[in-house]
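First comes the structure, then the notes that go with it.
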Amino acid sequence: MTLQEIADALVAGCRSGDTGPNLDALYAPDAVSVEPVDFGDGRAAEGLDAIKGKHEWWDNTFEVLGGEISDPMPHGDDRFAVIFEMKTKNKETGAIDDMKEVGVYHVAGGKITREEFFYAA
Numbered sequence: 027m028t029l030q031e032i033a034d035a036l037v038a039g040c041r042s043g044d045t046g047p048n049l050d051a052l053y054a055p056d057a058v059s060v061e062p063v064d065f066g067d068g069r070a071a072e073g074l075d076a077i078k079g080k081h082e083w084w085d086n087t088f089e090v091l092g093g094e095i096s097d098p099m100p101h102g103d104d105r106f107a108v109i110f111e112m113k114t115k116n117k118e119t120g121a122i123d124d125m126k127e128v129g130v131y132h133v134a135g136g137k138i139t140r141e142e143f144f145y146a147a
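See the structure below:
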C-alpha cells in the first residue's frame with residue numbers, strides 16, 4: 027500500500043468507528059504508539075498487542091458522542107498527520123469532555139511503524 031492508501035484507510039476506519047481491522051491491516055507487528063504523558067503504564071505502547079490493548083481500554087472507558095476527523099495530511103513519503111476533534115463521555119463517571127489531538131503516523135515497508143499523539147493533557 028502507498029502512504030496515501032494507508033492514510034485514507036486509517037481515516038476511513040476512524041470515521042466509521044471500526045478501527046479494529048485497521049490494526050492488523052495497517053500496523054507493523056512491532057509498531058510503537060506514543061502518548062505525550064505517562065498515564066501510569068509509560069508513554070509508549072510497544073508492539074501491535076500493546077496498541078490493541080490501548081484501543082480496548084479506550085473503547086471500554088469512553089463513548090464518542092460526536093466529532094470530526096480531518097483528511098490525512100501527508101508529509102513526504104513516510105509520514106502523515108490527522109486531527110481528531112471529539113466529544114467524549116467517560117462511561118464510569120459520566121463526565122463529558124471535548125478533546126482535540128493530532129496524530130502523526132510514520133510509515134515504512136507499507137505499514138504504520140510509529141504513531142505519536144499531541145494534545146494538552
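Position one of the sequence shown corresponds to residue 27 (my numbering), numbered consecutively onward. No residue lacks a Cβ here, since even glycine has one placed at the ideal position from N, Cα and C. These numbers come from a predicted model, not from an experiment.
- Under DSSP, P100 takes part in a beta bridge, and its partners are F106.
- Scanning its chain for C-beta atoms nearer than 7 Å, with the 5 sequence neighbours on each side dropped, one finds around R41 the residues I95, in chain order.
- Where R41 is concerned, the enclosing alpha helix (DSSP H) starts and stops at 29-42.
- Per DSSP, K137 is one residue of the beta strand (DSSP E) stretching across 137-144.
- A straight-line Cα-Cα distance of about 16 Å links P62 and V108.
- Within the same chain, Cβ atoms closer than 6 Å to the Cβ of A54 are found at K137, T139, the five residues on either side in sequence being excluded.
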